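One structure is given here, and the rest of the page talks about it.
2 protein chains.
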Amino acid sequence: MSDGPTITTIAQRAGVSIASVSRVLNGLPTKAETERRVMSAARELGYVPNSVARSLKSRRSNQLGFAMADIGNPVYLAMIREIQPVLRAAGYRLVLHSTNADTDDEIDVLRGLGERYIDGLIMIPLRVTGEHLKMFAAARAPVVVIGSVPEGTPVDNVRTDSREGVRLAVEHLHGLGRRRIGFVNGPLDTVPGAARAAAYAEAVRALGLPHDPALAEVGDFYRADGARATARLLERAPDVDALLCANDLIALGALDVLRREGRRVPQDVAVAGMDDTDLATLAWPPLTSVSLGSPERGRAAAELLLDRLASRDREPRVVTVEPRLVVRASTAGDDAPGEPPAVDASTVDASTVDASTVDASTVDAAARDTSARDTSARDVSAVDASAVEEAVGDSGREAP
Amino acid sequence: MSDGPTITTIAQRAGVSIASVSRVLNGLPTKAETERRVMSAARELGYVPNSVARSLKSRRSNQLGFAMADIGNPVYLAMIREIQPVLRAAGYRLVLHSTNADTDDEIDVLRGLGERYIDGLIMIPLRVTGEHLKMFAAARAPVVVIGSVPEGTPVDNVRTDSREGVRLAVEHLHGLGRRRIGFVNGPLDTVPGAARAAAYAEAVRALGLPHDPALAEVGDFYRADGARATARLLERAPDVDALLCANDLIALGALDVLRREGRRVPQDVAVAGMDDTDLATLAWPPLTSVSLGSPERGRAAAELLLDRLASRDREPRVVTVEPRLVVRASTAGDDAPGEPPAVDASTVDASTVDASTVDASTVDAAARDTSARDTSARDVSAVDASAVEEAVGDSGREAP
DNA sequence: CGAACATCTGTAAACGTTTACTCTTCCCCT
DNA sequence: AGGGGAAGAGTAAACGTTTACAGATGTTCG
């Protein structure tokens, strides 16, 4: 309770100088006798080093930050699950920042780098402003950005090809025979929102489908907004037979609305999400989702950051994680009488189980193929459908 | 990049002493001219205070810790969602620790209090050892424990009455006419595991049901373990007609296994979870769950901690959050032909929607009654079934 | 046996703040 | 006009470490 022993206290007790204490504590060469006395004094006093004082002198805090839009979105959780152990193994603690996608908050966090309480930062800005870019360039500690930044931005960067991801999903839906494919997006002024909007338009055009603005609707990246946006879309275009949603939360909202309106999924409307979070395997029906490799992105970001901390002035690096389509029952369920799921295997990433050969419940097995799950020993969704494994004849642990 | 300006740099630039700089920066009374010069020097130099140096002097880091077993369990997420804004409003940052329920890890975190990088800690130990108690007593910074600790432990404590929670659930299942009520628990050497085991035995006895050890099974608090434990239980006691699971993750595992074995939920086996996490509304069928008031517990813990930081030596306080039963379709679905859900309203907490008067889909409305959701403006499950609200004739925003 | 050297230890400065104390001004009042 | 005070600013110490440097002791070799 009082004020805790410092190296000075120990030095007195052991009858040596504070320098010797510090040396012993840091494992520098010392005479055995000195070491013994210091160690026993430290033990008797219950000494715990003051990390703040240490940081002041050493100019590092051994803390790293992770700034995301919303700690409630499981996509970030998936990243944290990967990031945490990597950083921890390297001796760092993780400080989380939930910014609510607020630019000011994000700038604040970046400014925090100057405060020296973190030695580096992984950030996922939903919007990238000029101010962001300025701060990236001026930042007094390494920053790794997950998500796209303008070409040439001098920052380590982990991205995914969401254009390709959208294409995979749209082609999958098209391959199922769907021709009125709607898109429920997040805000267009966000980086992913803009990218996915463009990708959707492009993918639809590439398939020769008519361009119908009524099929694209914008909400926000949350379940409730997704539900509302879907409701608007259904009203405007009652004949949609498929919905691609810009993330899984939106897709859950879409499922809510479809159920409420009595439309069957996937028979009447096939639904696909993006991010392939744990939510996808929990939803009913299990949700086809475009995996944007969140665990891989998290891990890559953590490694980039550590690497950068080791060599401050290497060239900025860009890591790209390929999207994969994970097919589940929300698009490929076979319980539509006389309408067997015609999964177009060619549009599915090679590492994904070919859903066209298995029955509806086993489609879920694809959920196991999220790779990079290996680090989290207690993965929540690791055994969600063991019957499925047998049916697929797949041990469910493919390489990424 | 170089070494950033300090108050010394500013002092030189402004032609004043470092003390004046410090005073200006801290808003202490200063002549307007001095203030002007300091401020403009600071601005020109892009000064950012070094929080580490400040901490060393002020002996506070403005960081608080939260130590939980597994960051992947949404029950903790629910707490964080409440804790974060409360602490943040008070000027603190949150540092998360995921301990994997490892006692050594937890002790390490407690020791971390001595390192002074956090000013206080909220901890949820699954096991409470003598060492824990010793550390609580000796801790150099305030600790708030969520979960039960032995009577008289000198620590602020937030708990829930899980005994009552188990009773609510068991009586609910009994009220539905179920007589072979199984229990899938977590490890018995954990605090909640032990408490829930005892509570289950007591509740079953109180209802006059025969004591059958085959009905209780132990796994761990994860989905995969829950699935395995459920499989064992079903093998030993094939005639179970209800399952209470010690948390929602276990319940999800149970649902997986029941689906695999072709048992209908709730017709063949009614399933209830505990914690009432977001998972409950995502599961299919939506999961009846005992709410242990996680958001409330999180918020209470945060407030206790702040309060304790303000007045260091007030008496330790204990806050108890009452459990409530949230009935959903996994126990009360009406699609069992000729077997209408006979919800025993008396066993349901008053604040819970009476499910016996509404049809199956509307039972989900109870999910809205989780109170304390108010702080998270973007609540994921806030609008999952708006049709339901109408049916219930309830705006869905009851007081706690 | 003394010099050169290796090995260990102590002294003191530094990290960037905050703050107690002292010093200077300047104003007001008697 | 001189003394008392208020108000502002400067000096220096302190927070608890790490570490450069110098000093002390003992060892080894010519």
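Those sequence lines, one after another, are chains A and B.
Heads up: the first sequence begins at 1 in this note's numbering, then just goes up one per residue.
Heads up: the second sequence begins at 1 in this note's numbering, then just goes up one per residue.
Backbone N, C-alpha and C define an ideal beta-carbon position, used for all residues, glycine too.
Computed from a predicted structure; not experimentally measured.
- Message: What does the Cβ neighbour count give for glutamate 303(B), buried or exposed, with the cut at 16 atoms within 10 Å?
- Response: buried
- Nearest residue (CA-CA) to arginine 482(A), options Gly65(A), His132(A), Tyr47(A), Leu87(A): Past the boundaries of the shown model lies residue 482(A); chain A is included only from 1 to 400, so the question cannot be answered.
- Message: Quick check on arginine 312(A): buried or exposed, where buried means 16 or more other Cβ atoms within 10 Å of its Cβ?
- Response: exposed
- Go through its chain and collect everything with a Cβ distance to leucine 173(B)'s Cβ below 8 angstroms, but skip five positions before and after it. Ile181, Ala242, Leu244, Ala270, Ala272, Thr331
- Compare the C-beta of tyrosine 117(A) with all C-beta atoms of chain B and state if any pair is closer than 9 angstroms. yes
- Query: Going by DSSP, what residues sit across from glutamate 217(A) in a beta bridge?
  - Reply: Val184(A)
- Task: Could you list which residues in chain A have their beta carbon closer than 7 angstroms to that of leucine 401(B), in chain order?
- Result: An answer regarding residue 401(B) cannot be provided, because it is not within the stretch 1 to 400 covered by chain B.
- Query: Does the count of Cβ pairs from the region 308-323 of chain A and the region 148-166 of chain A closer than 8 angstroms reach three?
  - Reply: yes
- Might you give, ordered along the chain, the residues of its own chain that have their beta carbon closer than 7 angstroms to the beta carbon of leucine 45(A), omitting 5 neighbours on each side? Pro5, Thr9, Ile10, Arg13
- Task: Rounded to whole angstroms, what's the CA-CA distance from alanine 377(B) to asparagine 247(A)? Just pull it up for me.
- Result: Residue confidence is low: alanine 377(B) scores 30 on pLDDT, short of 50, so the model does not pin down where it sits. No coordinate-derived value is stated.
- Using 10 angstroms around the beta-carbon of glutamate 131(B), count the other beta-carbons present and answer buried if the total reaches 16, otherwise exposed. exposed
- Message: Between the alpha carbons of glutamate 257(B) and aspartate 3(B), how many angstroms are there, rounded?
- Response: Per the sequence shown, the amino acid found at residue 257(B) is valine instead of glutamate. Cα to Cα, valine 257(B) sits roughly 59 angstroms from aspartate 3(B).
- Task: Report buried or exposed for glycine 65(B), applying the criterion of at least 16 other Cβ atoms within 10 angstroms of its Cβ.
- Result: buried
- Partner residues on chain B for glutamine 84(A), Cβ-Cβ distance less than 9 angstroms: Ile71, Leu96, Ser98
- Query: Can you name the residues of chain A whose CB is closer than 7 angstroms to the CB of serine 22(B)?
  - Reply: Per Cβ cutoff of 7 angstroms: no residues; serine 22(B) is ~16 angstroms from chain A at best.
- Message: In this structure, how does DSSP classify serine 311(B) when only helix, strand and coil are distinguished?
- Response: coil
- Which residues in chain A sit within 8 angstroms of leucine 77(B), going by Cβ to Cβ distance? Ile71, Gly72, Leu77
- Query: Bridge partners of alanine 137(B), per DSSP?
  - Reply: Paired residue(s): none; alanine 137(B) is not in a bridge.
- Item | Through-space distance from threonine 230(A) to glycine 253(A), alpha-carbon basis | 8 angstroms
- Item | Expected contact under 8 angstroms - CB spacing of proline 74(A) and aspartate 278(A) to nearest Å | 5 angstroms
- Using DSSP with H/G/I as helix, E/B as strand and the rest coil, what is aspartate 156(B)? strand
- Can you tell me the Cα-Cα spacing of leucine 433(A) and alanine 283(B), whole angstroms? The displayed coordinates of chain A run from 1 to 400. Any statement about residue 433(A) would go beyond what the structure contains.
- Task: Give, in chain order, every residue of the region 104-131 of chain A whose Cβ lies closer than 7 angstroms to some Cβ of chain B.
- Result: Arg111, Gly114, Glu115, Arg116, Tyr117
- Beta bridge counterpart(s) of glycine 272(B) as assigned by DSSP: For clarity, residue 272(B) is alanine in the given sequence; the question names glycine instead. Answer by DSSP bridge pairing, in chain order: Leu244(B), Thr288(B).
- DSSP puts leucine 325(A) in a beta bridge; with which residues? Val290(A)
- Message: Using a 10 Å radius around the Cβ and a threshold of 16 neighbouring Cβ atoms, would you call isoleucine 7(A) buried or exposed?
- Response: buried
- Task: Would you mind giving the Cβ-Cβ distance between glycine 226(A) and valine 184(A), rounded to the nearest angstrom? I have them listed as a contact below 8 angstroms.
- Result: 6 angstroms
- Are alanine 280(B) and isoleucine 146(B) closer than 9 angstroms when you measure CB to CB? no
- Query: Considering only residues of the same chain and omitting the five flanking positions on each side of threonine 153(A), which have a CB-CB separation below 7 angstroms?
  - Reply: Leu133, Phe136
- Query: In whole angstroms, what is the alpha-carbon distance linking proline 85(A) and asparagine 100(B)?
  - Reply: 11 angstroms
- Run down chain A in chain order and give the residues with a C-beta less than 7 angstroms from the C-beta of isoleucine 80(B). Ile71
- Message: Between alanine 425(B) and chain A, is any beta-carbon pair separated by less than 9 angstroms?
- Response: The structure shown has nothing for residue 425(B), since chain B only spans 1 to 400.
- Message: Is there a Cβ of chain A sitting closer than 9 angstroms to that of arginine 140(B), yes or no?
- Response: yes
- Query: If you draw a straight line from the C-alpha of leucine 126(B) to the C-alpha of alanine 138(A), how long is it?
  - Reply: 44 angstroms
- Since leucine 209(B) and arginine 179(B) are thought to touch, with beta carbons under 8 angstroms apart, how far apart are those beta carbons, to the nearest angstrom? 6 angstroms
- Query: For glutamine 63(A), which residues does DSSP report across the bridge?
  - Reply: Arg93(A)
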